[in-house]
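Asker: Okay, here's the structure, questions in a sec.
There are 2 protein chains.
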Amino acid sequence: MNKVKTGKLYGIGVGPGDPELLTLKAVRLIKSADIISYPTNQAGKSIAWQIAAPHAPKATKKLGFYVPINVNRAAANLAYDDAAKKISKHLDAGLDVACLCEGDAFFYGSFAYIFERLVDNFATEIIPSMPAFVAASAALKIPMLIQNEDLQIIPATLDEAILIDKIRTGNNIAIYKVGRHFAKLRQILEKFNLLDKANLVEYVSQKQQKVTPMASTNHDTRPYFSMIIINKR
Amino acid sequence: MNKVKTGKLYGIGVGPGDPELLTLKAVRLIKSADIISYPTNQAGKSIAWQIAAPHAPKATKKLGFYVPINVNRAAANLAYDDAAKKISKHLDAGLDVACLCEGDAFFYGSFAYIFERLVDNFATEIIPSMPAFVAASAALKIPMLIQNEDLQIIPATLDEAILIDKIRTGNNIAIYKVGRHFAKLRQILEKFNLLDKANLVEYVSQKQQKVTPMASTNHDTRPYFSMIIINKR
Chain A
1 MNKVKTGKLY GIGVGPGDPE LLTLKAVRLI KSADIISYPT NQAGKSIAWQ
51 IAAPHAPKAT KKLGFYVPIN VNRAAANLAY DDAAKKISKH LDAGLDVACL
101 CEGDAFFYGS FAYIFERLVD NFATEIIPSM PAFVAASAAL KIPMLIQNED
151 LQIIPATLDE AILIDKIRTG NNIAIYKVGR HFAKLRQILE KFNLLDKANL
201 VEYVSQKQQK VTPMASTNHD TRPYFSMIII NKR
Chain B
1001 MNKVKTGKLY GIGVGPGDPE LLTLKAVRLI KSADIISYPT NQAGKSIAWQ
1051 IAAPHAPKAT KKLGFYVPIN VNRAAANLAY DDAAKKISKH LDAGLDVACL
1101 CEGDAFFYGS FAYIFERLVD NFATEIIPSM PAFVAASAAL KIPMLIQNED
1151 LQIIPATLDE AILIDKIRTG NNIAIYKVGR HFAKLRQILE KFNLLDKANL
1201 VEYVSQKQQK VTPMASTNHD TRPYFSMIII NKR
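Top line first, the protein sequences correspond to chains A and B.
Position one of the first sequence corresponds to residue 1 (the working numbering), numbered consecutively onward.
Position one of the second sequence corresponds to residue 1001 (the working numbering), numbered consecutively onward.
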């Protein structure tokens, strides 16, 4: 039987937004991949692709896939099924596919959903990158962890009682998925006298990066691409 | 008055060990710095410098500093005082100093101690990089965070009751500074039926990288440059 050797699937984190925060390894694999795949918004745009594009040879084939984002996961799951099927055809044909992800591929990254659909049938490799919270502490110029401190990374979507418990018991806290939960979070921080220890970081590492002390925000603030970092020391 | 413009201090994370995990930004600044500074062991060796060295021009001046590691912080503080004084002389002379750090400069990084001594007197910039735990999840091929999960990053040096609480309540846990605390951690994981959900990762992203399921370890295991990653899903 004349079976073609299947291709390899790479999950590549492109970092938090600054194109210079790509790793050398990510650049090498973006240059050598046969196919570059990435999630897009409904208009077909992809921040991950924008970061990678300057390193991709013109001949590289692009494979964008739109993933609808809403609380019901069914539509997203169908989109991942479809993307995984398209990617697997290229892998079956012996082509290497680099699947891009903002931040790190395994840190709230969309790649996890492509990965779980393909890991049993193809060779895979994850190229790690820095999650956004690391770039946030660099932007704030406040060390994230020193000595024997801990760090809690939590999504703002948690139940309020759990959120409060994590925020009260951690030395340092990075809150992801802030968006429409901002007013609730601000209220919690105010109640526990933590407004002075917290900062809102928007568009971290990007040109529009904006750092706002939480004490300077109000309940009507509508942050974009943001996280809240709390350092209690 | 003919005052020289002072230099800029860069805190540069070089990543977890694989030289290809350097960012493009780190490489650019390693190339352009007048002085490259880094902590060393007692023999004068530095992993951070080894990672950066291939990118540094031959003329770059090196400034290694030995930091004694023990529970008593007094000796370390004196070493940081001395290193900061030497670095400040170069900054005063108008030279840019890149201070290297394994992992990320603000994530249990030694740079925080240089930074706090110099931030009030000099221009500073932090170049973020990935902490080791991100490379660990890539090595394990287990997503670190999906959907609405949380992640606790904790040092093994915490009081046992706090350790147990964090390990029991988190979805995902990355335990740093494992070393001589290994037997205690293993015991906790066994007690709470978590051995099957935990992995020991040694020398992450380096040639000697070794992944061991915690269930395959025993109390006598003596891990090197290691962390324990727990993913409960």
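We treat Cβ as the ideally placed atom computed from N, Cα and C, and that holds for glycine.
Taking the runs of the beta strand (DSSP E) that are 3 residues or longer, which of them lie wholly in the segment 1146-1229 of chain B?
Answerer: Counting only runs of 3 or more, we get 1151-1155, 1172-1176, 1198-1202, 1210-1213.
Asker: So, helix, strand or coil for L1029 of chain B, using DSSP?
Answerer: Reduced to three states, the DSSP call for L1029 of chain B is helix.
Asker: If the cut is a Cβ gap below 7 Å, which residues of chain B does N148 of chain A touch?
Answerer: Going along chain B in sequence order, the residues near N148 of chain A (Cβ under 7 Å) are P1155, T1157, L1158.
Asker: Is the distance from the Cβ of I12 of chain A to the Cβ of L24 of chain A below 7 Å?
Answerer: Not a contact, by the Cβ cut-off of 7 Å.
Asker: By the 10 Å Cβ neighbour count, where 16 or more other Cβ atoms means buried, how is V71 of chain A classified, buried or exposed?
Answerer: Under this definition V71 of chain A is an exposed residue.
Asker: Any beta-carbon of chain B closer than 7 Å to the one on Q208 of chain A?
Answerer: So, not an interface residue.
Asker: Let me know the secondary structure DSSP gives F122 of chain A once reduced to three states.
Answerer: In this structure, F122 of chain A counts as coil in the three-state DSSP scheme.
Asker: From the DSSP output, which residues share a beta bridge with N1231 of chain B?
Answerer: B:N1172, per the DSSP bridge assignment.
Asker: Which residue or residues does DSSP assign as beta-bridge partners of Y10 of chain A?
Answerer: Looking at the DSSP assignment, Y10 of chain A forms a beta bridge with A:A98, A:E125.
Asker: Would you kindly work out how many angstroms separate the C-alpha atoms of A183 of chain A and N218 of chain A, rounded to a whole number?
Answerer: Roughly 8 Å separates the two Cα atoms.
Asker: Residues in the same chain with beta-carbon distance under 6 Å from W49 of chain A, minus the five sequence neighbours each way, listed in chain order, please.
Answerer: Within the same chain, W49 of chain A has close Cβ partners Y38.
Asker: What does A1112 of chain B touch in chain D if you count any residue whose Cβ is under 7 Å from its own?
Answerer: No chain D appears in this structure, whose protein chains are A and B.
Asker: Going by DSSP, what residues sit across from F115 of chain A in a beta bridge?
Answerer: Its beta-bridge partners do not exist; DSSP assigns none.
Asker: Just how far apart, CA to CA, sit I1228 of chain B and V1178 of chain B?
Answerer: Near 7 Å, if we compare the C-alpha coordinates of V1178 of chain B and I1228 of chain B.
Asker: Roughly how many whole angstroms lie between the Cα atoms of K1008 of chain B and L1189 of chain B?
Answerer: Their backbone Cα atoms lie some 46 Å apart in a straight line.
Asker: Let me confirm a value: F1115 of chain B is counted as buried when at least 16 other C-beta atoms fall within 10 Å, else exposed. Which label applies?
Answerer: When all chains shown are included, F1115 of chain B counts as buried.
Asker: Could you tell me whether the segment 14-21 of chain A touches the segment 50-60 of chain A, where touching means 3 or more Cβ pairs closer than 8 Å?
Answerer: Yes, since at least three Cβ pairs between the segment 14-21 of chain A and the segment 50-60 of chain A fall closer than 8 Å, the two stretches touch.
Asker: Counting only beta-carbon separations shorter than 7 Å, does F1182 of chain B have a partner in chain A?
Answerer: No, F1182 of chain B lies away from the interface with chain A (no Cβ there is under 7 Å from its Cβ).
Asker: With a cut-off of 7 Å, does the C-beta of L151 of chain A fall near any C-beta of chain B?
Answerer: So, interface residue.
Asker: Give me whichever residues DSSP pairs with S1037 of chain B in a beta bridge.
Answerer: Paired residue(s): B:L1063, B:C1099.
Asker: Rounded to the nearest angstrom, how far is the Cβ of A139 of chain A from that of V211 of chain A, given a contact under 8 Å?
Answerer: The Cβ separation is near 6 Å, so the contact holds.
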